[in-house]
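*Asks:*
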Amino acid sequence: MTSFIGATKRDHAIRRTLKGAVSGAVLALVLGGSAYAQTAVQGTDEPQGGITDIVVTAQKRAQNMQDVPVAISALSSDQLTANRITVASDLSAVVPNLTVRTQVGGSSLPVYSMRGLVALGSAQGADRGIAVYIDGVYLGAAVGSQFELAEIERIEVLRGPQGTLFGRNSTGGAIHYITPEPPADFGVRVTGTVGNYDQRRFVGRVNTGQFGPFSATLSYTHSEREGDIRNLGGGTVWDLTGANGGKAAKFTSPDRLGGSNTDAFRAALKMDVNDDLTLLYRFDYTDSRYTAPALGLTYVTPIVRAIFAAQANQALLTPITDKRPDAVNNAATVPSHNKAWGHSLTATYKASSELSFKNILAYRKLTISAPLADISGGGGIFNTGAPIFSQLAPVGFSAALGASTVGAPIIGTIASAEGQDKQWSDEFQANLDTDFVTVTAGGLYYSQTPSRGNWGEETGLGRLRSGAFRVYPGYAVPYAGQLAGTGGRITTVKIRSYAFFAQGEFHLTPQLDLVGGLRYTNDRKDGTDNTALSGTSALVTTIRYRDSRITYNLGANYKINNDVLVYGKYSTGYISGGSLGGVVYNPETAKSLEGGIKADWFDRVLRTNLAVFSVKYGNLQFPTNGTALGLSSALTSLLTNAGEARANGFELETILAPVHGLTLSAGAGFTDFKYTSLRPLVTLGQADFLVQYRPKWTLNAAAQYVTEPVAGDARLNMRLDANYRSRSSGLGGVPATFSVPTGTPALTPSQIAAEQAVYKAAAVIPAYWLVNGRIALEGFKLGGSKVTAALWGKNLFNYRGLNFVGSNTFVIAADYERARTYGIDLTVDF
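Letter by letter, the sequence shown follows residues -37 to -1, 1 to 793 of mature numbering (1 follows the signal peptide of the UniProt record, and there is no 0).
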């Protein structure tokens, strides 16, 4: 039976949201704020008042962003440079209602949150609700969406369900990275960066210019830095030979955590076959070696406290704190290695002034190797032979095991991942633009084969296993004396999807358009899920999933005048279902009502863009396990549909350019998310169920000033910006009870209540501001080249609070906001 929680009056909630949004819009008009992420000011070569437009492809065709009835933030390459956006998580600072964090562990999984939807997609074969694209190509692998953002021409962030034109897995929205096409003129640009934490970054690009019908661009990026937190377990050597089929495999824990070393190459070749036909080939390759961010602790259970108290060297233990420490003990974290590359061929044909066609054929591949990552944060623990090590039966650590492994290291929980991901896609688009109707239509075929498991081979002791409180004599992993009750896993899925879509805008009058769109999608998933119980036995289940869905949108756009667009729409979307461990889970759905106004005022001195939304999420996909579903306890990671939710809110983005060279900007996002129903199985063992990773408020503000020439043609470009996130919970629930060592009294109700209060407080990610700045001397002529020198800083006030937290029942582990960074960029254009 479904139990209903948090009963609300939906209509009243919507009216309150609308009222707050309108009040915010009025306030913005009075104060003259501006959303920098939404627009661009005119180029710095000739700074002048007024706001220029950005051309976007949010509806699969080139349009002025102010004419697009979508809540969209678009960032040009100049804005990416000014905001120093180099990885996906940096987008949180400039896009309202978007938060991007990196999940704990060695796989560098990004966690997206937008309009109340949290997109993770870490379970094998599962999808996430915020779609990520590069040059029109959908990135199916969650790991592959966190990459170096070098040589990006534009980023478009679309909020709200995009189920008609972008299809499945875009219920929260879509993020689209667009790389530059080869220009017609020859040019060379080189940028070098040095900064604290041994930051070194080099970006080099060569544009060949036009030669015959061809033009090409080649670029190379190298980026490296050391971590900002010391590892008290650095230098620990782990022997993984037993998990590698007997072949030697040793890895060393680094001295610092959160470091990276990335090389990336990008190439594009364009062929103008004739005036109407263009072929564009793109290739990208990224090789990234990194260590997971340092993992600390904000809470440990009574059992872990007793284990900590029994340690001889307390100085080697991770401190329990909600502020970034100088050092933690992540002895069981070793470097990871990801590679990603892709090819795409885009053919564009202009049949007439009204009709054009485009086809995007693409192949991508990703490989992952993350042998060991401590996701408990509690390294430096040894079996000291103290009485507590014979009292750990509640956590699966028997007294006999404790007696036989005195002196051996113990790890709370480790993560391990290895695999690859291949995908093919082909999308055909047709665009018709007449006086009466504008139509975008097409079809898509998509095939993806992810294969993922724990690190290692099937022979010998088998793949690495997860599990709490594992003991590893001699730092050898795994340990044959403690295999029972743990599970290695390898899952291989073949995902196939095809779709047909069409959207029309019917121009009833010069001011009024009616919009309607429809998409049919067919999804298939087939494969096997292999849970290794030992080196020789396994629980194998078949993955088989079939489903077809129709998504659609209906709306109206009204141009009050050339500078003001008002729109309203109803749109739907879904996250694909699937099967895991023999358990089928259905698609998660979204139904959204949105209204907005995009306006330029006072001859383009002020721009205000407002979107108000109310969305209902159905069939929410929740992580669960075999025990909760009455299945094998070896099935530690499953998905099930377990509830519904709604989110009401708004985004307000404005820009003010009052005088030559000055830009003031601000943006605000608000989301009120609530579960409206939950199945009891997702609250099993929980005393309180929490809204996780969903801050209600996101804010950003900036001031940028470009001077008149100060030396020749060179100008100073100065920028200061700040962004804010309100408090949120990093965990989804509070345990109903807590384990205690064997032979000790169980906690009383009052002790449990006190422990729950501490636990809940330790899971809170507090509200915080981050402040960044940059000052650059741009366009200084040196010989035949132009030079730009910039001094920049991020997290200027060195905020040390929490960024991400996770729990494994016995501890709350924490990832902290990265430390203050600063450096110098030097760019030369030849």
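Glycine is no exception: its CB is placed at the ideal position from the N, C-alpha and C atoms.
Does Y438 come out as helix, strand or coil in the three-state DSSP assignment?
*Replies:* Helix.
*Asks:* Could you tell me the distance, in whole angstroms, from the CA atom of Y262 to the CA atom of V721?
*Replies:* Distance between the alpha carbons of Y262 and V721 is about 8 Å.
*Asks:* Whole beta strand (DSSP E) runs in the region 76 to 124 with 3 or more residues, listed along the chain?
*Replies:* Qualifying beta strand (DSSP E) stretches, in chain order: 80 to 82, 93 to 97 and 117 to 122.
*Asks:* Where DSSP assigns a beta bridge to S511, which residues make up the other side?
*Replies:* Answer by DSSP bridge pairing, in chain order: N485.
*Asks:* Contact between the region 451 to 470 and the region 241 to 248: three or more CB pairs below 8 Å?
*Replies:* In short, these stretches do not touch, since the Cβ pair count stays below three.
*Asks:* In the region 258 to 330, which residue ranges form an unbroken beta strand (DSSP E) of at least 3 residues, counting only runs that do not cross its ends?
*Replies:* As far as the region 258 to 330 is concerned, its whole beta strand (DSSP E) runs of at least 3 residues are 259 to 263 and 299 to 313.
*Asks:* Which same chain residues, not among the five before or five after F399, have their C-beta less than 8 Å away from its C-beta?
*Replies:* Counting only Cβ-Cβ distances below 8 Å, and skipping sequence neighbours, we find F469 and H470.
*Asks:* Within this structure, are the beta carbons of L258 and I283 separated by less than 8 Å?
*Replies:* Against a cut-off of 8 Å, the Cβ pair of I283 and L258 comes out as no contact.
*Asks:* Where does D30 fall in DSSP's three states?
*Replies:* DSSP places D30 in helix when its eight states are reduced to three.
*Asks:* First and last residue of the alpha helix (DSSP H) that includes G786?
*Replies:* Element bounds for G786: not the alpha helix (DSSP H) but the beta strand (DSSP E), T784 to D792.
*Asks:* Please return the same chain residues whose Cβ sits closer than 7 Å to the Cβ of F565, not counting the five positions on each side in sequence.
*Replies:* Same-chain partners within the cutoff: there are none.
*Asks:* Shortest alpha-carbon distance to I715 belongs to which of F174, F214 and T264?
*Replies:* Comparing Cα positions, the closest option is T264.
*Asks:* Distance, Cα to Cα, A443 vs A356?
*Replies:* Going from the Cα of A443 to the Cα of A356 covers about 18 Å.
*Asks:* What are the start and end residues of the alpha helix (DSSP H) that includes D41?
*Replies:* First-last of the alpha helix (DSSP H) with D41: S40 to A45.
*Asks:* So for L619, helix, strand or coil by DSSP?
*Replies:* DSSP places L619 in strand when its eight states are reduced to three.
*Asks:* Pairs of beta-carbons, one from the region 381 to 392 and one from the region 320 to 339, closer than 8 Å: are there three or more?
*Replies:* Segments in contact, yes.
*Asks:* If you draw a straight line from the alpha carbon of K554 to that of R783, how long is it in whole angstroms?
*Replies:* When rounded, the distance between both Cα atoms is 41 Å.
*Asks:* Quick check: T403 and K23, are their CB atoms within less than 8 Å of each other?
*Replies:* Yes.
*Asks:* For T199 and S332, I'd like the C-alpha separation in whole angstroms.
*Replies:* Between T199 and S332, the C-alpha separation is close to 19 Å.
*Asks:* Determine which residues share a DSSP beta bridge with T347 and list them.
*Replies:* None, per the DSSP bridge assignment.
*Asks:* In the structure shown, what three-state DSSP assignment does P586 receive?
*Replies:* Note: P586 maps to strand in three-state DSSP.
*Asks:* What I want to know is whether the C-beta of R168 ends up closer than 7 Å to one or more non-hydrogen atoms of the ligand GTP.
*Replies:* This structure lacks the ligand GTP, and indeed carries no ligand of any kind.
*Asks:* T156 and R163 look like a contact to me (Cβ under 8 Å); what is the Cβ gap, rounded to whole Å?
*Replies:* Going by Cβ atoms, the distance from T156 to R163 rounds to 7 Å, so yes, they are a contact pair.
*Asks:* DSSP three-state call for F352: helix, strand or coil?
*Replies:* In the structure shown, F352 sits in a helix (DSSP, three-state: H, G or I).
*Asks:* Pull up the CB-CB distance for F279 and G221, whole angstroms please, since I reckon it's below 8 Å.
*Replies:* Note that residue 279 corresponds to Leu in the displayed sequence, not to Phe. At roughly 19 Å, the Cβ-Cβ gap does not stay under 8 Å, so L279 and G221 are not in contact.
*Asks:* What span of residues does the alpha helix (DSSP H) with G746 cover, start to end?
*Replies:* Premise fails: G746 is in no alpha helix (DSSP H) and is neither H nor E.
*Asks:* How about T134 and I538: are their beta carbons less than 8 Å apart?
*Replies:* It is a contact, given that the beta carbons lie within the stated cut-off.
*Asks:* Determine the direct distance from the alpha carbon of A56 to that of F320, and round the result to whole angstroms.
*Replies:* Their Cα atoms are separated by approximately 36 Å.
*Asks:* Based on the DSSP secondary-structure assignment, which residues constitute the bridge partners of R657?
*Replies:* The partner list for R657 (beta bridge, DSSP) is empty, contrary to what the question assumes.
*Asks:* Excluding the 5 residues preceding and the 5 following T590 in the sequence, name in chain order all residues of the same chain whose CB lies nearer than 7 Å to its CB.
*Replies:* Taken in chain order, the residues that qualify are S596.
*Asks:* Give the secondary structure of V774 by DSSP, where H, G and I count as helix, E and B as strand, and everything else as coil.
*Replies:* Three-state DSSP puts V774 in a strand.
*Asks:* Within the same chain, show all residues whose beta-carbon is closer than 6 Å to that of G305, passing over the 5 residues directly before and after it, in chain order.
*Replies:* Within the same chain, G305 has close Cβ partners D247 and R327.
*Asks:* Buried or exposed: where does S316 fall if 16 or more other Cβ atoms within 10 Å of its Cβ makes it buried?
*Replies:* Result: exposed.
*Asks:* Could you compute how far the alpha carbon of R433 sits from the alpha carbon of R570?
*Replies:* The straight-line gap from Cα to Cα measures roughly 58 Å.
*Asks:* Comparing C-alpha positions only, which one of A685, R737, V727 and E607 sits nearest to R657?
*Replies:* Looking at the Cα atoms, V727 is the closest of the given residues.
*Asks:* For E718, name the three-state secondary structure that DSSP assigns.
*Replies:* Helix.
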